[in-house]
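Report on the structure given below.
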Amino acid sequence: MAFDSLAALQRMRQMEQQAAINGKKIVLKRMNDKLDIWLFVLWFVLLIPTLGISFVLLFVYLFRYFFSKEIYVQDIATYDKFYITRDDWTKYKVNKKMNKKETRKLDV
2 MAFDSLAALQ RMRQMEQQAA INGKKIVLKR MNDKLDIWLF VLWFVLLIPT
52 LGISFVLLFV YLFRYFFSKE IYVQDIATYD KFYITRDDWT KYKVNKKMNK
102 KETRKLDV
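Residue numbers for the sequence shown follow my numbering, beginning at 2 and rising by one.
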């Protein structure tokens with residue numbers, strides 16, 4: 002018997018989606034928008050022929066990833082994609098981390 006890793010990943014994604022729908026919670030996942038994808042593709046294509054341009058593209062991509070004002074996210078339950086501010090994203094991550102810690106404390 003061979004282990005099908007793709008099927009396992011699909012089941013995990015479906016379980017996350019069902020938990021988000023049943024719990025009526027917003028579960029967000031960070032996504033790359035089209036410009037980020039194009040920057041990464043151009044960086045990969047130009048990596049060998051022009052190393053300088055590829056480093057500039059990589060710098061722009063990383064700068065946008067770490068310092069952009071808006072973050073492109075996807076709702077796991079409905080697959081809606083939208084932009085949120087960085088402050089809202091950090092608040093969401095902190096609340097999510099606190100909820101995980103509370104759950105762990107209750108289970109123990």
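Built from N, CA and C at the ideal position, the CB exists for glycine as well.
Next item on the list: Indicate whether Leu40 and Tyr73 have their beta-carbon atoms separated by less than 8 Å.
Entry: As a working note, residue 40 is residue 39 in the sequence shown. As a working note, residue 73 is residue 72 in the sequence shown. The answer is no: Cβ separation not under 8 Å.
Item checked: Lys92 versus Tyr84: straight-line alpha-carbon distance, rounded -> Taking the first residue of the sequence shown as 1, we reach residue 92 at position 91. Taking the first residue of the sequence shown as 1, we reach residue 84 at position 83. Spanning the two alpha carbons is a distance of roughly 15 Å.
Check: Taking buried to mean at least 16 other C-beta atoms within 10 Å of its own C-beta, is Ala113 buried or exposed?
Finding: Examination of residue 113 is not possible in this model, given that the chain is present from 2 through 109 alone.
Check: Just to confirm, are Leu58 and Leu43 a CB contact at a threshold of 8 Å?
Finding: Locating residue 58 in the sequence shown gives position 57, where the first residue counts as 1. Locating residue 43 in the sequence shown gives position 42, where the first residue counts as 1. Cβ distance < 8 Å, so Leu58 and Leu43 count as in contact.
Note to self: Starting from Ile72, trace the beta strand (DSSP E) in both directions and tell me its first and last residue.
What the structure shows: The sequence position of residue 72 within the sequence shown is 71, counting from 1. Taken as a continuous stretch (DSSP letters only), the beta strand (DSSP E) holding Ile72 covers Glu71 to Asp76.
Next item on the list: May I ask you to verify whether the region 43-54 touches the region 13-23, counting CB pairs closer than 8 Å and requiring at least 3?
Entry: no
Notebook entry, point to check: Between Arg31 and Asp88, what straight-line distance do the alpha-carbon atoms span, to the nearest angstrom?
Noted result: Indexing the sequence shown from 1 puts residue 31 at position 30. Indexing the sequence shown from 1 puts residue 88 at position 87. Computed Cα separation, rounded: 14 Å.
Notebook entry, point to check: When you compare only the Cα positions, how much space is there between Ser69 and Trp90?
Noted result: Numbered from its first residue, the sequence shown carries residue 69 at position 68. Numbered from its first residue, the sequence shown carries residue 90 at position 89. Ser69 and Trp90: Cα-Cα distance of roughly 12 Å.
Checklist line | Distance, Arg65 Cα to Ala20 Cα | finding: Taking the sequence shown and counting its residues from 1, the one referred to as residue 20 is at position 19. Taking the sequence shown and counting its residues from 1, the one referred to as residue 65 is at position 64. Cα to Cα, the separation comes out at about 31 Å.
Notebook entry, point to check: Under the rule that 16 or more other beta-carbon atoms within 10 Å means buried, what is Ser6, buried or exposed?
Noted result: Here residue 6 corresponds to residue number 5 of the sequence shown, with the count starting at 1. So Ser6 ends up on the exposed side.
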